[in-house]
Every structure is written in structure tokens, then in C-alpha cells.
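In my numbering, the protein residues as written are 5 to 192. Ideal Cβ placement from N, Cα and C applies to all residues, glycine included. Scroll down for the structure; my scribbles are underneath it.
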Amino acid sequence: MKGIVDVVLKGVGNADAGDANKAEDGKTERTAAGDGEAGKLFATANAGDTADKAKKVAADAAKAVGAVTGADILQAIVKNGASAAADAAKAKAKDGTIAGAIALRAMAKGGKFANVSAADNEGIVTSAVKGAALSAVTKALDTLTVAIRKTMDLGLKEVKDAMKINNAINANDTIVTSDKKTSEAKSE
5 MKGIVDVVLK GVGNADAGDA NKAEDGKTER TAAGDGEAGK LFATANAGDT
55 ADKAKKVAAD AAKAVGAVTG ADILQAIVKN GASAAADAAK AKAKDGTIAG
105 AIALRAMAKG GKFANVSAAD NEGIVTSAVK GAALSAVTKA LDTLTVAIRK
155 TMDLGLKEVK DAMKINNAIN ANDTIVTSDK KTSEAKSE
């Protein structure tokens, strides 16, 4: 995937985009997967011992995904790879790092996020986390699709330009044609 991202994005996007502030107040920096932080989604236990704390985790995840572009998410996936979840749970994790980890976990076979240990009877936390994950994956894939199309368009333009040059061939020149059985030279 790194090769594809390098070719089609050509340095666009920043894995460390955004800031390291919690959604709760927008000023306090994230600690190492503390209460109310998106890093808790990658915890082995739970995202919070109460539904209120888990809602803050989901809000922080949504803030991180909303603060970055699809290119930022792709660059974070490529940069962090297998360590994405661990990097997202570290102190001062940037929005780009968290969004990349969310997208990667959401796309992984069997990828799961920590949930609230208390009952989420209303499904608010689960729904919010799914929404953030869907948004992260959609941003990344949309950006990748557009970038691939642009790269293909540039390649097709080069082919078209080469064909224009070849159309200037003199009618008396020898042209090589190929058919199913043999290649032969024809004089026109």
C-alpha cells in the first residue's frame, strides 16, 4: 500500500496532521489513552467504565477524523502501519495518527474497538464509533480513488500525445501491423 500511496499522492497529506487536543475542551492535550480520549478505543479492556466516559471517547474519535483529510489518513496508515493502534494510544497523539489507526482497524479483518464496560443501552457509543470509523475509511478510500484516477488520466494523456506524434507519419513510410498469425511490414 505504501508504494501506491507514494505514487498517487506524491507527498500530499501529513500523518501528523491536526492537533493533540481532546474534543472535550479543545485545549487539553491527550495523555496516554486517558479517560475521554480516542486512544481508549484501542485499549484491551474498555473505552470507559461509564457510558459518559465512553461518549467522550467517541466524540474525541469523531473530532480526530473530522480534523484531517483523506490524504492525511492514508499517510498515517502508511507511516504507522502495524503500530498504528499503539501510536494512537500514546500521549499527545495527533488527529492524523488517531484517524489513520481508526481507518486501519475498521478495514482490518476482525478489527474491533473497545466499547463501554457499562451497558450502552441506547447504542449511542457504538453508533458514534461506527460513524467515526466509517467516515475515516470513506475519506481514505475516496482520496485514494480520486488520486488513482488523476494518475491514470495523466498516463492516458501521455499515450494520447504519443499517438498524435505517430499520426504525423508520412503515408509512404513502412508501417508495422500485427494480426493473429504474423507480424508483417506493409507499404501504403
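Review point. Which class does residue 84 belong to by DSSP, given the choice of helix, strand or coil?
Key: helix
Check your understanding: Among 116, 62, 134, 104, which residue has its Cα nearest to the Cα of residue 18?
Key -> 104
Exercise for review: Under 8 angstroms by Cβ, that's how I've got residue 102 and residue 21 pegged, so tell me the actual separation to the nearest angstrom.
Suggested key: The Cβ separation is near 10 angstroms, so there is no contact.
Practice item. Work out the CA separation of residue 13 and residue 131 for me, nearest whole Å. Key: 31 angstroms
Exercise for review: Could you have a look at residue 33 and say whether DSSP puts it in helix, strand or coil?
Suggested key: strand
Point to revise | Contacting residues, own chain, Cβ-Cβ under 7 angstroms from residue 152 (five flanking each side not counted) | key: 12
Point to revise | Contacts around residue 92, its chain only, beta-carbon distance under 6 angstroms, and the 5 residues preceding and following it disregarded | key: 43, 46, 101, 102, 105
Review point. Considering residue 13, what are the terminal residues of the alpha helix (DSSP H) in which it resides?
Key: 6-13
**Study point:** Segment limits, alpha helix (DSSP H) that includes residue 54
**Key:** From DSSP, residue 54 is part of no alpha helix (DSSP H); its letter is neither H nor E.
Practice item. Report yes if the C-beta distance between residue 88 and residue 81 is below 9 angstroms; otherwise report no. Key: yes
Practice item. Compute every distance between the C-beta of residue 128 and the non-hydrogen atoms of the ligand ZN, then say whether any falls below 8 angstroms. Key: Among the components modelled here there is no ligand, and therefore nothing to report on the ligand ZN.
Exercise for review: Taking residue 126 as the reference, give the member of 166, 73, 59 with the closest Cα.
Suggested key: 59
Practice item. Name the residue from 32, 33, 65, 79 whose alpha carbon lies nearest to the alpha carbon of residue 5. Key: 79
Review point. In terms of alpha-carbon separation, which member of 155, 97, 65, 147 lies closest to residue 117?
Key: 65
Check your understanding: In whole angstroms, what separates the C-alpha of residue 7 from that of residue 54?
Key -> 42 angstroms
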